[in-house]
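Asks:
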Amino acid sequence: MQIIKRTHLWFSLIATIILLVAVYVFDNFSYPFGESTAAFTIIETGIQNIKKKNVCKDDVVFINIGYEPELVDTPNGKEARTNRDTLAKLLKAIGGVADFCFLDIRLDADVTVPADSALVSQIRQMDNIVIAKHWDYTNGRDFPLADSSLMAKAAYCDYTASVFNTAFQRYQYIQRNGISAPLKLYMEITGHRVASHKLFYSDGWRLCRNALFISIPEDFSEPRERAWGEPKYWNLSEDFWGETAGFTRDDLIGICRGKLVVIGNFVDDVHDTYIGRQPGPYLHYLAYDSLREGRHILPWWYILLIAAVYFVTFCQIARQQRLLLLIPAVRKYKLLHFIASLTSNVLLLTIVSWLSYSLFKIPASIFVPTVAFTICDIYFRYKSYEI
Numbered sequence: 000m001q002i003i004k005r006t007h008l009w010f011s012l013i014a015t016i017i018l019l020v021a022v023y024v025f026d027n028f029s030y031p032f033g034e035s036t037a038a039f040t041i042i043e044t045g046i047q048n049i050k051k052k053n054v055c056k057d058d059v060v061f062i063n064i065g066y067e068p069e070l071v072d073t074p075n076g077k078e079a080r081t082n083r084d085t086l087a088k089l090l091k092a093i094g095g096v097a098d099f100c101f102l103d104i105r106l107d108a109d110v111t112v113p114a115d116s117a118l119v120s121q122i123r124q125m126d127n128i129v130i131a132k133h134w135d136y137t138n139g140r141d142f143p144l145a146d147s148s149l150m151a152k153a154a155y156c157d158y159t160a161s162v163f164n165t166a167f168q169r170y171q172y173i174q175r176n177g178i179s180a181p182l183k184l185y186m187e188i189t190g191h192r193v194a195s196h197k198l199f200y201s202d203g204w205r206l207c208r209n210a211l212f213i214s215i216p217e218d219f220s221e222p223r224e225r226a227w228g229e230p231k232y233w234n235l236s237e238d239f240w241g242e243t244a245g246f247t248r249d250d251l252i253g254i255c256r257g258k259l260v261v262i263g264n265f266v267d268d269v270h271d272t273y274i275g276r277q278p279g280p281y282l283h284y285l286a287y288d289s290l291r292e293g294r295h296i297l298p299w300w301y302i303l304l305i306a307a308v309y310f311v312t313f314c315q316i317a318r319q320q321r322l323l324l325l326i327p328a329v330r331k332y333k334l335l336h337f338i339a340s341l342t343s344n345v346l347l348l349t350i351v352s353w354l355s356y357s358l359f360k361i362p363a364s365i366f367v368p369t370v371a372f373t374i375c376d377i378y379f380r381y382k383s384y385e386i
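The numbering of the sequence shown is numbering that gives the first Met the number 0, which starts it at 0 and goes up by one.
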């Protein structure tokens, strides 16, 4: 068996380190170049169908205020928006018993009514709340909130799509303009701190990722009730405050006690996803839940595993010979020899990526390594030809 040259080993080691850094940087973009999430969607759907388990979590309550509108005067005429007086009363009722509240509604300053002052005052009194704000891409600034004092409790509820995929699948936590609401929730509730260090991100002393493919374990579109009768989300007036409500405000307080309460419009604020149109408040919660489950942490053992794949591939390219063919058993049996001869770097990366997501919920990059392997392969082919 031919011994691998020392120069090939050094090349493979240096190239592996450079590629690891490049892949990490590209994977933290809101949408890395060439990323295809179709395979992860298929795997995620398959995993959910196989597990068939109760996807509900006991520590979160979803409250829909989509049926609490009021007509207000705007520069464009009268428009419907969430009733501020109702929101203020809701937060006053649950603020002292809920573990934390996430208010995913627009509180922009362009339209204000007298009831805003009561709502702003209630939010200002609460230490356990995160509210939504949004970036005005047209004017390059934040949409101003109804009161500047709310900024300390606000974080972005925006996500980035691409020309190749406009659906919600990938979530970037530290965005160009600041941190997202799911990340602020995570840091406020857990006490952890996720920080940006230009090229890399950390959660305390642990290396982490800034962008994740979001798993959507349950369809929150209609019908509202799950198969066993429990609602996916509660309609505020219909369930608790209306004249024909089946529950009381005391029931509402009991349901919210000690839990994360997600308040938003589950009817109109919907976005395209790989399992259909889903409510925005639910998607932001899933982005937070991914952080809580530690899916953003990048383990060192995983980095070493991927580094081994890159290193072996670079060695194969440098030698211009498939390393599988060096194994005696592969050379001995024609079928194994034939299969090994058909393997390509793209196929290898695809299999590694699928296995990585299936086993560890970490999608391994394909595009950047493929470009690197192709460039190196062309160079070594040309070099061998010249010799």
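We put the CB at the ideal spot given by N, CA and C, even for glycine.
Whole angstroms is fine: what's the gap from Met0's alpha carbon to His270's?
Replies: Position 1 of the sequence shown holds residue 0. Position 271 of the sequence shown holds residue 270. Only weak support is given to the placement of Met0: the predicted model assigns it a pLDDT of 44, under 50, and the value that follows is read from those uncertain coordinates. In a straight line, the C-alpha of Met0 is about 57 Å away from that of His270.
Asks: Would you report the Cα separation of Trp233 and Arg80, rounded to the nearest angstrom?
Replies: Here residue 233 corresponds to residue number 234 of the sequence shown, with the count starting at 1. Here residue 80 corresponds to residue number 81 of the sequence shown, with the count starting at 1. Using only the alpha carbons, I get a separation of about 19 Å.
Asks: Apart from the five residues just before and just after Phe219, which ones in its own chain have a Cβ nearer than 6 Å to its Cβ?
Replies: Working through the sequence shown from its first residue, we reach residue 219 at position 220. Lys231, Gln277, Pro278, Tyr281, listed in sequence order.
Asks: Is DSSP giving Lys270 helix, strand or coil here?
Replies: The sequence position of residue 270 within the sequence shown is 271, counting from 1. The sequence shown places His at residue 270, not Lys. DSSP places His270 in strand when its eight states are reduced to three.
Asks: Between Leu8 and Asp267, what straight-line distance do the alpha-carbon atoms span, to the nearest angstrom?
Replies: Position 9 of the sequence shown, counting from 1, holds the residue named residue 8. Position 268 of the sequence shown, counting from 1, holds the residue named residue 267. About 57 Å.
Asks: Can you list, in chain order, the stretches of the beta strand (DSSP E) that have 3 or more residues and sit fully within the region 267 to 313?
Replies: Runs found: 269 to 272, 275 to 278.
Asks: Using the Cα positions of Glu69 and Thr85, report the straight-line distance between them to the nearest angstrom.
Replies: Here residue 69 refers to the residue found at position 70 of the sequence shown. Here residue 85 refers to the residue found at position 86 of the sequence shown. Glu69 and Thr85: Cα-Cα distance of roughly 10 Å.
Asks: Please report how far the alpha carbon of Phe107 lies from the alpha carbon of His283, in whole angstroms.
Replies: Sequence index remark: in the sequence shown, residue 107 carries index 108 (1-based). Sequence index remark: in the sequence shown, residue 283 carries index 284 (1-based). The sequence shown places Asp at residue 107, rather than the Phe named in the question. Approximately 19 Å between the Cα atoms of the pair.
Asks: Enumerate in chain order the residues of its own chain whose CB-to-CB distance from Ile93 is below 8 Å, with the five nearest sequence positions on each side excluded.
Replies: The residue labelled residue 93 in the question sits at position 94 within the sequence shown. Closer than 8 Å at the Cβ level, and outside the excluded window around Ile93, lie Cys100, Leu251, Ile252, Cys255, Val260.
Asks: Closest by CA to Ile41, which one among Lys197, Gln168, Phe366, Pro222?
Replies: For this step, residue 41 is matched to residue 42 along the sequence shown. Per the Cα distances, Gln168.
Asks: Given a threshold of 16 other Cβ atoms within 10 Å of its Cβ, counted over all protein chains shown, does Ile386 qualify as buried or as exposed?
Replies: Residue 386 sits at position 387 when you count from the first residue of the sequence shown. With a pLDDT of only 44 at Ile386, under the threshold of 50, the placement of this residue in the model should not be trusted; the figure read from the coordinates follows. Ile386 should be labelled exposed.
Asks: According to the Cβ coordinates, are Ala180 and Val129 closer than 7 Å?
Replies: As a first step, residue 180 must be located in the sequence shown, where it is residue number 181. As a first step, residue 129 must be located in the sequence shown, where it is residue number 130. For Ala180 and Val129, yes; Cβs fall inside 7 Å.
Asks: Just checking: is the beta-carbon of Val269 within a distance shorter than 7 Å of some beta-carbon in chain B?
Replies: The structure shown contains no chain B, having only a single protein chain.
Asks: Under the rule that 16 or more other beta-carbon atoms within 10 Å means buried, what is Asn63, buried or exposed?
Replies: Residue numbering aside, residue 63 sits at position 64 when the sequence shown is read from its first letter. Result: buried.
Asks: If we ignore side chains and look at the alpha-carbon of each, how far apart do Ala244 and Val60 end up?
Replies: Within the sequence shown, numbered from 1, the residue matching residue 244 stands at position 245. Within the sequence shown, numbered from 1, the residue matching residue 60 stands at position 61. Their backbone Cα atoms lie some 18 Å apart in a straight line.
Asks: Buried or exposed: where does Val20 fall if 16 or more other Cβ atoms within 10 Å of its Cβ makes it buried?
Replies: Here residue 20 corresponds to residue number 21 of the sequence shown, with the count starting at 1. Classification for Val20: exposed.
Asks: To which residues does DSSP link Cys255 through a beta bridge?
Replies: As a first step, residue 255 is located in the sequence shown; it is residue number 256 there, counting from the start. Per DSSP, none; premise fails for Cys255.
Asks: Where DSSP assigns a beta bridge to Thr6, which residues make up the other side?
Replies: The residue labelled residue 6 in the question sits at position 7 within the sequence shown. Answer is none; Thr6 lacks a bridge partner.
Asks: Could you tell me the boundaries of the beta strand (DSSP E) in which Arg169 lies?
Replies: Locating residue 169 in the sequence shown gives position 170, counting from the first residue. Start and end: 169 to 171.
Asks: Expressed to the nearest angstrom, what Euclidean distance is found between the alpha-carbon atoms of Glu198 and Ile350?
Replies: Residue 198 sits at position 199 when you count from the first residue of the sequence shown. Residue 350 sits at position 351 when you count from the first residue of the sequence shown. Position check: residue 198 holds Leu in this sequence, whereas Glu was assumed. Computed Cα separation, rounded: 28 Å.
Asks: Can you tell me whether Glu67 is buried or exposed? The criterion is at least 16 other CB atoms within 10 Å of its CB, across all chains shown.
Replies: Position 68 of the sequence shown, counted from the first residue, corresponds to residue 67. With 16 or more Cβ atoms within 10 Å of its Cβ, Glu67 is classed as buried.
Asks: Using only the alpha-carbon positions, how far apart do Pro298 and Gly139 sit?
Replies: Taking the sequence shown and counting its residues from 1, the one referred to as residue 298 is at position 299. Taking the sequence shown and counting its residues from 1, the one referred to as residue 139 is at position 140. Using only the alpha carbons, I get a separation of about 37 Å.
Asks: Identify, in the order they occur along the chain, each residue of the same chain with its Cβ nearer than 7 Å to the Cβ of Asn27, setting aside the five sequence neighbours on each side.
Replies: Start at 1 with the first residue of the sequence shown, and residue 27 comes out as number 28. So the qualifying residues of the chain are Tyr200, Arg208, Asn209, Ala210.
Asks: Taking just the CA atoms, how far does Glu187 sit from Gln174?
Replies: Residue mapping note: residue 174 aligns to position 175 of the sequence shown, counting from 1. Residue mapping note: residue 187 aligns to position 188 of the sequence shown, counting from 1. Spanning the two alpha carbons is a distance of roughly 18 Å.
Asks: I'd like to confirm the pairing. Which residues does DSSP put opposite Tyr155 in its beta bridges?
Replies: Start at 1 with the first residue of the sequence shown, and residue 155 comes out as number 156. Tyr155 pairs with Lys132, Ser179.
Asks: Please say whether Leu149 and Ser262 have beta carbons closer to each other than 7 Å?
Replies: Within the sequence shown, residue 262 is the residue found at index 263, counting from 1. Within the sequence shown, residue 149 is the residue found at index 150, counting from 1. Here the sequence assigns Ile to residue 262, which means Ser is not the residue at that position. Cβ distance not < 7 Å, so Ile262 and Leu149 don't count as in contact.
Asks: Between the C-alpha atoms of Ala153 and Ala131, what's the straight-line distance to the nearest angstrom?
Replies: The count along the sequence shown starts at 1 and reaches residue 153 at position 154. The count along the sequence shown starts at 1 and reaches residue 131 at position 132. Taking the straight line from one Cα to the other gives about 5 Å.
Asks: Using a Cβ-Cβ cut-off of 8 Å (strictly less than) and excluding sequence neighbours within five positions of Gly177, which residues of its own chain qualify?
Replies: Along the sequence shown, read from residue 1 onward, the residue named residue 177 stands at position 178. So the list reads Ala154, Tyr155, once near-sequence residues are dropped.
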